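Structure first, then comments.
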Amino acid sequence: MAANYTYTDSEQKSGNFKGQPLNKMPTHMANATLTWQPLSELDTWTRINFRSKTKNYQYRSSMRDGAPSYTFVDLGVTYNLNKNLRLSGGVYNVFDKRVTEETHDAVLDGRRYHIGINYDF
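If you count the sequence shown from 1, you need to add 3 to reach our numbering.
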């Protein structure tokens, strides 16, 4: 298991929003990853990613705009075919959570898939 947490106390130093948090900078971020090896050649992992709400005032006149807080869950697997060749796959944002900035029509990525082949030489 691995985990991390970041607290950011940012501040706009000048301009119309002096004293406000920096644009699109979450105050809290946390990630946790749990790995499990059910077989010697098989590794699995689950990851949880959290971001607190952010402000987005670039090109705007209000601090109300921004992204809400969100949590994504990711899953993945790696299978070692031999000492040099491995297959991997993952699903990111498993629950397909949609995070939007209503006033700007910005959307964070929904569910994504990853498939890979690695060869070490």
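Cβ atoms here follow ideal geometry from the backbone N, Cα and C, with glycine treated the same way. For clarity, every value in this text was computed on a predicted model and none was experimentally measured.
Residue i versus residue j - alpha carbon distance
i, j, result
"residue 137", "residue 54", "Missing from the structure shown is residue 137; the chain here goes from 4 to 124 and no further."
"residue 15", "residue 72", "21 Å"
"residue 98", "residue 111", "13 Å"
"residue 118", "residue 21", "45 Å"
"residue 88", "residue 115", "24 Å"
"residue 85", "residue 42", "13 Å"
"residue 122", "residue 23", "48 Å"
"residue 91", "residue 103", "30 Å"
C-beta atoms of residue i and residue j nearer than 8 Å
i, j, result
"residue 25", "residue 13", "yes"
"residue 74", "residue 52", "yes"
Cβ-based neighbour list, residue i, same chain, cut-off 6 Å, excluding 5 preceding and 5 following
i, result
"residue 47", "39, 80"
"residue 77", "50, 95"
Cutoff 8 Å; reference residue i; Cβ partners in own chain excluding five residues on either side
i, result
"residue 113", "96, 99, 100, 101"
Cβ-Cβ separation, residue j to residue i (assumed contact under 8 Å), whole Å
i, j, result
"residue 36", "residue 4", "7 Å"
"residue 57", "residue 28", "6 Å"
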